[in-house]
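In the working numbering, the protein residues as written are 630 to 757.
Quick reminder that beta carbons are idealized off the backbone N, C-alpha and C, glycines included.
Encoded structure:
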């Protein structure tokens with residue numbers, strides 16, 4: 630109702646009270662759709678800004694989660710590398726090198742190769 634009638638302050642109050650911005654009414658209409666269809670440009674523009682901010686916040690949350698998972702995996706790999714014997718570390722480097730040079734689509738990139746070598750070197754430094 631607030632969106633359809635252009636009551637911007639009511640819309641703001643509802644959102645501050647944790648109303649879900651993309652909820653649909655019985656006809657399947659969202660607040661944004663109602664504002665747009667009824668020519669309530671101020672409400673429409675406000676809702677678009679809020680939705681955009683929510684999407685950006687979610688994108689950042691997902692990116693942060695991805696980074697945290699990658700850091701956790703890196704720490705796990707480094708911890709596992711500590712348990713490898715020198716022979717196993719040499720085999721790992723040899724295998725990474727072969728994959729890098731294989732030229733096959735399932736080969737590893739230079740970046741991944743450098744990460745493997747770097748991790749092994751770091752483990753060697755930790756052991757010394």
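Check whether the Cβ atoms of residue 680 and residue 650 sit closer than 9 Å, and answer yes or no.
Along the chain shown, one-based indexing puts residue 680 at 51. Along the chain shown, one-based indexing puts residue 650 at 21. Going by C-beta atoms, residue 680 is nearer than 9 Å to residue 650.
So does the region 661-679 actually touch the region 634-641, counting three or more Cβ pairs closer than 8 Å?
Contact holds: three or more Cβ-Cβ distances are below 8 Å.
Can you give the Cα-Cα distance for residue 725 and residue 745, rounded to whole angstroms?
Indexing the chain shown from 1 puts residue 725 at position 96. Indexing the chain shown from 1 puts residue 745 at position 116. In a straight line, the C-alpha of residue 725 is about 7 Å away from that of residue 745.
Thinking C-alpha only, which one of 706, 712 and 716 is nearest residue 747?
Taking the chain shown and counting its residues from 1, one reaches residue 747 at position 118. With distances taken between Cα atoms, residue 747 lies closest to 706.
Residue 631 - DSSP class collapsed to helix/strand/coil:
As a working mapping, residue 631 is identified with position 2 in the chain shown. Here residue 631 sits in helix by DSSP.
Whose C-alpha, out of 727, 696 and 647, is nearest the C-alpha of residue 683?
Indexing the chain shown from 1 puts residue 683 at position 54. Checked all of 727, 696 and 647; the closest Cα to residue 683 is 647.
Comparing alpha-carbon positions, which option in 664, 749, 704 and 685 lies nearest residue 716?
Here residue 716 refers to the residue found at position 87 of the chain shown. Per the Cα distances, 749.
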